[in-house]
Amino acid sequence: MPMRESGQPVLRLRGLRKSFVAAGTTTIALNGIDLDIEPGSFVSIIGPSGCGKSTLLQIMAGLIAPTSGEVFFAEKRVEGPPADVLYVFQQYTRSLFPWKTVERNVGFGLENKGTMSRAQMAERTRELIALVKLTGFEGHYPWQLSGGMQQRVAIARALACRPAVLLMDEPFSAVDALTRAGLQELLRSLWRELNLTVIFVTHDVDEGIYLSTRVVALSRAPATVAMDVPIDLPSPRNQIATRAVPAYLDYRARLLAQLFAEEGLEPAEAA
Amino acid sequence: MTDILTADNLPAAAAAPEKRAGKLAALWSTRLLGVGFIVALLALWEIAAINAIFPPMSFPRMSAILSTWWQLIISGELLRELLPSLWRMFAGYFIGVVLGVGLGVLMGYFRFFYNLLEPITEVLRPIPSPAYLPIVILFLGIDDEMKIFMIAFASIFPVLLNTYNGVRSVDPIQVQTARTLGVSGRKLLTRIVLPASSPYIFTGMRISLAVALIVMVISEMVAASNGIGYFILSAQRGFKIRDMFAGVLTLAVLGYILNRLFLMIENRVLAWHYGYTQQRS
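Read top to bottom, the protein sequences are chains A and B. The first sequence begins at 1 in the working numbering and counts up by one. The second sequence begins at 272 in the working numbering and counts up by one.
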């Protein structure tokens, strides 16, 4: 496990702004975001579509640079993808390497690190494939698997590198409801077992509350932090029971009201 | 077998009713049909030659051509001409492929190289190889250097253009994924960009293989003292018409074998690609 100083935030975002220039006009996506992410937390980021959730996540991953402001990972300024921060894309069909088998996809990050022997890498790969319940599919190519299985390969590939932080961009939005519930359970258990910090972008308020220890709601672009809600729900969670707890319904009502207000939607039918 | 005829099971159903008719129908629906067509054309040739429809001097019987061909094969004469041709062709092709992939990657990767090289590529590419052959002879003479240069130069362009397109079409998400997994710089090229664009590169290589064969024959016809192209032309000039036809047949067989070999390799290397695209379509 990567070393973590308890109490110190693992990620610190300070005054993040991001604007894009397209066809001569400047669009401000992020307008001053400050966040501290505690180690071991599970933080969901929700917000209206197009508010810059994914942009924020990509800045944290060091994939794109902010226009101004800074990101610190483990007290070091992020200027490129840090080795201990990994990113899981929404589009698993595009992020998995179609010319590599499941086994080679999962081992990809390890091969690049070059710090492990061949036998160690094989062992770690086997372990991760088992953890995401894909044993028996090592020799398959990604396109031979279902959507949910492909996303599990992508998760295993990221986790094989033993990251401190896992950044996930709407990872379950392209699979059906039951597959999604299965993936949520898998992610919760991996988060607990591996002592991960997860930052999870979703447009689904329920998914955010159910999975997380904290939900951050962004406003419409130019986005700022509109609500920051610690989620205090009994653990282990249960897909049916947890979603019926009064506290859960209360979080849900508050966050939905916030989202509706941002989108300019009326929660009720017009009389 | 169902009794319902739909558009989907129609060919199978039509082939099924009786055993002998079924076998015949199956024959019609395979490549054997095409092989049979070739045999029929050769037979037609034979009949036309027997009846002297064309001057027999320039149109010998197919059976005579085939027996001459066989003589040339067992005497080793054909092989003696073929080996230098193959050496020139593969040397030139190899150089052309390496340069084509290299330049294509540079142009796909760096805007600078694209702006620098795209215009000259578009100017040089349309010139038919025979047109600059005399210039190349002036500088490189008539030996192997000239032929290898000609073949290499003509082989570059299909590989270059396809590699460029392949590199441009690499999914940015794959590149970003690799970056978060610690890949950067040259490794990004070898581990992501080249494998991802390999289907394009193979397409270019297959076109260039045919081009290399053509340019090899042309350059040997214009200036050479051996090689299959030289053999064909000197046979024609020496009125050894059956030898000439045998040489052309040799090229047909060579082209066929090369293409089959290439497809075999491509099917192995790109097996993932065919599965992947089939799945997505």
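C-beta: ideal position from N, C-alpha, C; glycine also. Every value quoted in this text rests on a predicted model; they were computed, and no experiment measured them.
The DSSP assignment places 102-106, 108-113, 118-131 as complete runs of the alpha helix (DSSP H) inside the region 102-134 of chain A, in order along the chain (cut-off: 4 residues). Closest by C-alpha distance to Val519/B, out of Tyr501/B, Val482/B, Arg531/B, is Tyr501/B.
Residues are counted here when their Cβ sits less than 7 Å from a Cβ of chain B; for the region 93-119 of chain A these are Arg94, Ser95, Phe97, Pro98, Trp99, Phe108, Gly109, Asn112, Lys113, given in chain order.
Trp316/B is classed as buried because its beta carbon has at least 16 other beta carbons within 10 Å across all chains shown.
Asp442, Ile444, Gln445, Gln447, Thr448, Arg450, Thr451, Leu452: these are the residues of the region 441-452 of chain B whose beta carbon lies less than 7 Å from some beta carbon of chain A, given in chain order. Taking the beta carbon of Gln150/A as reference, no residue of chain B falls within 9 Å; the closest one sits roughly 11 Å away. With its beta carbon at least 7 Å from every one in chain A, Gly379/B lies outside the interface. Sorting Ala495/B, Met476/B, Val454/B, Ile499/B by C-alpha distance to the C-alpha of Phe108/A places Val454/B at the top. As DSSP reads the structure, Leu480/B sits in no beta bridge. Residue contact check for Trp191/A against chain B: no CB pair falls below 7 Å.
DSSP, reduced to helix, strand and coil, places Tyr471/B within a helical segment of the structure shown.
If the five residues before and after Lys18/A are omitted, its C-beta is found closer than 6 Å to the C-beta atoms of Ala29, Leu30, Thr55, Pro66, Thr67, all from its own chain and listed in chain order. Note on Ala257/A: under 16 other CB atoms within 10 angstroms of its CB, so exposed under the neighbour-count rule.
With a 10 Å radius around the Cβ and a threshold of 16 neighbouring Cβ atoms, Trp191/A comes out buried.
Shown here for Arg462/B: same chain residues with a beta carbon closer than 8 Å to its own, the five before and five after excluded, namely Ala449, Val454 in chain order.
Contact of Trp543/B with chain A is assigned, a C-beta pair being separated by under 7 Å. Within the model, the alpha-carbon separation for Arg214/A versus Thr135/A is close to 33 Å. Relative to the Cα of Ala83/A, the nearest Cα in the group Pro163/A, Met116/A, Ser49/A, Arg243/A belongs to Pro163/A. Within the model, the alpha-carbon separation for Met227/A versus Gly47/A is close to 10 Å.
Using beta-carbon distances, Val454/B counts as an interface residue toward chain A, with a partner under 7 Å.
DSSP places Asn31/A in the strand class (E or B) of the three-state scheme. Two segments are said to touch when three or more pairs of C-beta atoms, one from each, lie closer than 8 Å; by this definition the region 478-489 of chain B does not touch the region 341-351 of chain B.
For Tyr210/A, there are no C-beta contacts with chain B under 7 Å, since the nearest C-beta of that chain is about 26 Å from it. At the C-beta level, Ala158/A and Arg124/A stay beyond 7 Å of one another. Note that the C-beta distance between Gln150/A and Tyr92/A is below 7 Å. Collapsing the DSSP output to three states places Leu11/A in a strand. Among the CB atoms of chain A, none fall inside 7 Å of the CB of Pro470/B. Contiguous alpha helix (DSSP H) elements confined to the region 345-391 of chain B occur at 348-380, taking only those with 4 or more residues.
By the Cβ-count criterion, Gln239/A is exposed, with fewer than 16 other Cβ atoms from all chains shown falling within 10 Å of its own Cβ. By alpha-carbon distance to Val394/B, the top candidate from Leu349/B, Phe428/B, Ser505/B is Phe428/B. In the three-state scheme derived from DSSP, where H, G and I count as helix and E and B as strand, Met328/B is classed as coil. Distance from the Cα of Ser44/A is smallest, within the candidate group Val225/A, Glu263/A, Val175/A, for Val225/A. When secondary structure is reduced to three states using DSSP, Asp204/A falls in the coil class, being assigned neither helix nor strand. At least 7 Å separates the beta-carbon of Met121/A from that of Leu131/A. Contacts with chain A at 7 Å (Cβ-Cβ) do not include Pro326/B.
Residues of the region 414-437 of chain B whose Cβ lies closer than 8 Å to any Cβ of chain A: none.
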